[in-house]
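*Asks:*
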Amino acid sequence: MWIEETKNGKYKFVEQYTDYMTGKRKRVSVTLDKKTAAAKRTAMETLTRMIEQHQNVTPEEKELTFSELVDKYREYQKLSVKAATYARNYYACETLKKMLNPDILVNRLTANYIKECFLHSGKANSTLNEHRVRLFALLNWAYENDYIQDVSFLKKIKPFKAQTKKEKVQDKYLEASEVQKLLSAMDSEKWKLLTKFLLLSGLRIGEAVALNAADIDFQNHVIHITKNYDSVNKVITTPKTLCSIRDVFMQQELEKLCKNIILYTKAEGLALGYRTKLFMCSSKGNYLNYYSFNKYLRENAAKAIGRQITAHTLRHTHASLLLAQGVPIDTISRRLGHENSIVTREIYLHVTKKLTELDNEKLKTAHII
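The opening position of the sequence shown corresponds to residue 120 in my numbering, with each subsequent residue numbered one higher.
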């Protein structure tokens, strides 16, 4: 390190280093007011840090703790994923830190160590499998970015055997008779309108909450889906996937409901003194609270049909009702805004089987000749 005096009477401390990636000589410098022994120590520490930052040395040369790896993963995710995904993964990683020990060195992780930590956490196997998925994503990212030397041991960590009964396909949607029971049991007009809207449109709850009245295009009989409401961070984001940006055709039943909802929102705004551009909104003209709706839906479903459901169940119900009326699965997939859905195909097979059984029952007593 050497010192150069500047024109304004300050001192520039300069150091040279050889770039790890290119082999070329480079310089870093820092300017301070004095050149005392204390200033020299400060300059040396600062220049050392600057060189470390500039050097593109592979991260694996420094032994990272699990906590440090998580910090780096979060820095990457801030720039690469939506706020809702970041928030979900943030808390998932906090749990992993507690389960595995934040100070464990990443390159010392083994399959046995991870399995022991998971099993001694006292969590249900279904929950452990969720943590396993997040851990795999984290460690594979670390491997791809040279923070861990080897992840082949992950192959030894198999999914934990589920202790809960597998959810039946028919539990993922409502039958037509259950829909009527549910709607009849609802005493909140606003939540009833939203429930009907989700049933008739197949929209995701975030897509529905984000809608402005202007998105309902009565002239062309479509609903323009271009955004999503992130209920965790309370912001508008882009839809889930590129396929989610779409126009949903309004059949007569849906179009009539949309007109009623707009009238309801306007009337409520006049009564409560708010103005809003939203299609549906809270009593203050703000975005609807997803958690309040889901709680209301869950409790009313439990009373009306004997089981709890979520807003997403209404989306699956929309698919099942269309399938029962002979609408092709590809048409439904485009309407729902995705290229492929395992659940939609499971429902398709189940509904098709039920319809075949009903047809066979009718044919049993048929006299053709």
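Idealized CB from N, CA, C, for every residue including glycine.
Just verifying my parser: in three-state terms, what is the DSSP assignment at Ser271?
*Replies:* Note: Ser271 maps to helix in three-state DSSP.
*Asks:* DSSP three-state label for Thr204, please.
*Replies:* Helix.
*Asks:* Taking just the CA atoms, how far does Ser186 sit from Leu376?
*Replies:* C-alpha separation (whole angstroms): 51 angstroms.
*Asks:* Val341 lies in the alpha helix (DSSP H); which residues open and close that run?
*Replies:* No alpha helix (DSSP H) contains Val341, which is instead part of the beta strand (DSSP E) from Val341 to Ile344.
*Asks:* If I measure Cβ to Cβ from Pro178 and keep anything under 6 angstroms in the same chain, skipping five residues before and after, which residues do I get?
*Replies:* At Pro178, the pLDDT of 45 sits below 50, so the modelled position is not reliable and the matter cannot be decided from this model.
*Asks:* So, at 8 angstroms on beta carbons, what are the nonlocal neighbours of Glu372 in its own chain, with the 5 sequence-adjacent residues on each side left out?
*Replies:* Only Leu319 meet the Cβ criterion.
*Asks:* Assuming Leu330 and Ile324 form a contact by the criterion Cβ under 8 angstroms, report the distance between their Cβ atoms to the nearest whole angstrom.
*Replies:* Not quite, the Cβ-Cβ distance comes to about 11 angstroms (not below 8 angstroms), so this is no contact.
*Asks:* With Leu312 and Ile380 assumed to form a contact (beta carbons below 8 angstroms), what rounded beta-carbon distance in angstroms separates them?
*Replies:* That belief holds up - the Cβ atoms of Leu312 and Ile380 are roughly 5 angstroms apart, short of 8 angstroms.
*Asks:* Let me know if Phe237 comes out buried or exposed under the rule of 16 or more other beta-carbons within 10 Å of its beta-carbon.
*Replies:* Classification of Phe237: buried, given that the 10 Å Cβ count is 16 or more.
*Asks:* How about Glu123 and Leu166: do their beta carbons lie closer than 7 angstroms?
*Replies:* Against a cut-off of 7 angstroms, the Cβ pair of Leu166 and Glu123 comes out as no contact.
*Asks:* Measure the Cβ-Cβ separation of Tyr467 and Leu442 and say whether it is below 7 angstroms.
*Replies:* Result yes, Cβ atoms of Tyr467 and Leu442 sit closer than 7 angstroms.
*Asks:* State the start and end residues of the unbroken alpha helix (DSSP H) segment that holds Phe255.
*Replies:* Phe255 -> alpha helix (DSSP H) spans Asn244 to Glu263.
*Asks:* For Met369, I'd like the list of residues in its chain whose CB is within less than 7 angstroms of its CB, leaving aside the five on either flank, ordered along the chain.
*Replies:* Result list for Met369: His340, Val341, Ile342 and Cys377, in chain order.
*Asks:* Does DSSP put Thr137 in a helix, a strand or coil?
*Replies:* Looking at Thr137 - three-state DSSP - the assignment turns out to be strand.
*Asks:* Look up Ile364 in the DSSP assignment and say whether it is helix, strand or coil.
*Replies:* Reduced to three states, the DSSP call for Ile364 is coil.
*Asks:* Thinking just about the alpha-carbon of each residue, which of Ser199, Lys191 and Tyr232 is nearest to the one in Cys212?
*Replies:* Closest by alpha carbon: Lys191.
*Asks:* Just the Cα atoms here: how many angstroms apart are Lys284 and Leu391?
*Replies:* With a pLDDT of 48 at Lys284, under the threshold of 50, the modelled position of that residue is not reliable, and no figure is offered here.
*Asks:* In chain order, which alpha helix (DSSP H) runs of at least 4 residues are fully inside the region 370-447?
*Replies:* Counting whole runs of 4 or more residues, the region 370-447 contains the alpha helix (DSSP H) stretches 371-391, 409-424 and 430-443.
*Asks:* Is the beta carbon of Ala256 closer than 7 angstroms to that of Leu188?
*Replies:* No. Outside cutoff.
*Asks:* Suppose the cutoff is 7 angstroms on Cβ atoms and the five residues either side in sequence are ignored; what does the same chain contact list for Ser307 look like?
*Replies:* Closer than 7 angstroms at the Cβ level, and outside the excluded window around Ser307, lie Tyr415.
*Asks:* Grab me the residues of Gly456's own chain with a C-beta within less than 6 angstroms of its C-beta, minus the 5 sequence neighbours each way, in chain order.
*Replies:* Excluding sequence neighbours, Gly456 sits near Cys362, Ser363 and Arg365.
*Asks:* Is it buried or exposed, Thr360, if we count other Cβ atoms within 10 angstroms and call 16 or more buried?
*Replies:* Label assigned to Thr360: exposed.
*Asks:* Drop a sphere of 10 angstroms on the beta-carbon of Ser411, count the other beta-carbons inside from all chains shown, and report buried for 16 or more, exposed for fewer.
*Replies:* Answer is exposed; the Cβ neighbour count stays below 16.
*Asks:* Can you tell me which residues form a DSSP beta bridge with Thr184?
*Replies:* DSSP output for Thr184 lists Leu224 as bridge partner(s).
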